[in-house]
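*Asks:* Can you keep this structure in mind? I'll have questions shortly.
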Amino acid sequence: MAVDPVAIVIRYHAALNAFDPGEIETMLSPEAEYHSPSVGVLRGRASIINAMSGYFAEYPDQVAQDDVVELVAPDAVRCVWHLQATAKSTGQSYVRRGTEKITLDDAGRILRVEVSDL
Numbered sequence: 031m032a033v034d035p036v037a038i039v040i041r042y043h044a045a046l047n048a049f050d051p052g053e054i055e056t057m058l059s060p061e062a063e064y065h066s067p068s069v070g071v072l073r074g075r076a077s078i079i080n081a082m083s084g085y086f087a088e089y090p091d092q093v094a095q096d097d098v099v100e101l102v103a104p105d106a107v108r109c110v111w112h113l114q115a116t117a118k119s120t121g122q123s124y125v126r127r128g129t130e131k132i133t134l135d136d137a138g139r140i141l142r143v144e145v146s147d148l
């Protein structure tokens, strides 16, 4: 792989924090999958962007920070992160901590995201 997987994941997380759906879309493979306890399994770039759009509409002030970003295979990065946000509909604070394993395709696009809560 001619790209730096860690740099790609850092760029992806920056696009999430800014919620830039256009940038996120360019980073996802058309066949991307997103696995998370909070949403189940999302298949396909459009499905993932749609779910993220709904999430960021409800939590527009989300700020996530990476505690660890490390290469675990030539095409995979593991992250430990935490986030804080406020629900727009209720005003309730939302705090979450978890891990992600992000796998890239040969072109350096995100092929699979596996989220686990800590």
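The sequence shown runs 31 to 148 under the working numbering. Glycine included, every Cβ here is placed at the ideal spot set by N, Cα and C.
To the nearest angstrom, report how far apart residue 104 and residue 89 are at their CA atoms.
*Replies:* Using only the alpha carbons, I get a separation of about 33 Å.
*Asks:* Do residue 47 and residue 94 have their beta-carbon atoms positioned less than 9 Å apart in this structure?
*Replies:* Yes, Cβ-Cβ distance for residue 94 and residue 47 is below 9 Å.
*Asks:* Work out the CA separation of residue 124 and residue 113 for me, nearest whole Å.
*Replies:* Cα-Cα distance, rounded: 8 Å.
*Asks:* To the nearest angstrom, how far is the alpha carbon of residue 132 from that of residue 144?
*Replies:* If you take the alpha carbons of residue 132 and residue 144, they lie about 6 Å apart.
*Asks:* In chain order, which continuous runs of the alpha helix (DSSP H) of length 4 or greater are located wholly inside the stretch 37 to 80?
*Replies:* Those alpha helix (DSSP H) runs which fall completely within the stretch 37 to 80 and span 4+ residues are 51 to 57.
*Asks:* Evaluate residue 148 with the Cβ neighbour count: other Cβ atoms within 10 Å of its Cβ, from every protein chain shown; 16 or more gives buried, anything less gives exposed.
*Replies:* Exposed is the call here.
*Asks:* Within the continuous beta strand (DSSP E) that includes residue 115, where are the two ends?
*Replies:* Per DSSP, residue 115 belongs to the beta strand (DSSP E) from 106 to 116.
*Asks:* If we cut at 9 Å on Cβ distances, does residue 83 have a partner in chain B?
*Replies:* No chain B appears in this structure, which consists of one protein chain only.
*Asks:* Would you kindly check if the distance between the Cβ of residue 75 and the Cβ of residue 58 is under 9 Å?
*Replies:* Against a cut-off of 9 Å, the Cβ pair of residue 75 and residue 58 comes out as a contact.
*Asks:* Between which two residues does the beta strand (DSSP E) holding residue 97 run?
*Replies:* Start and end: 93 to 103.
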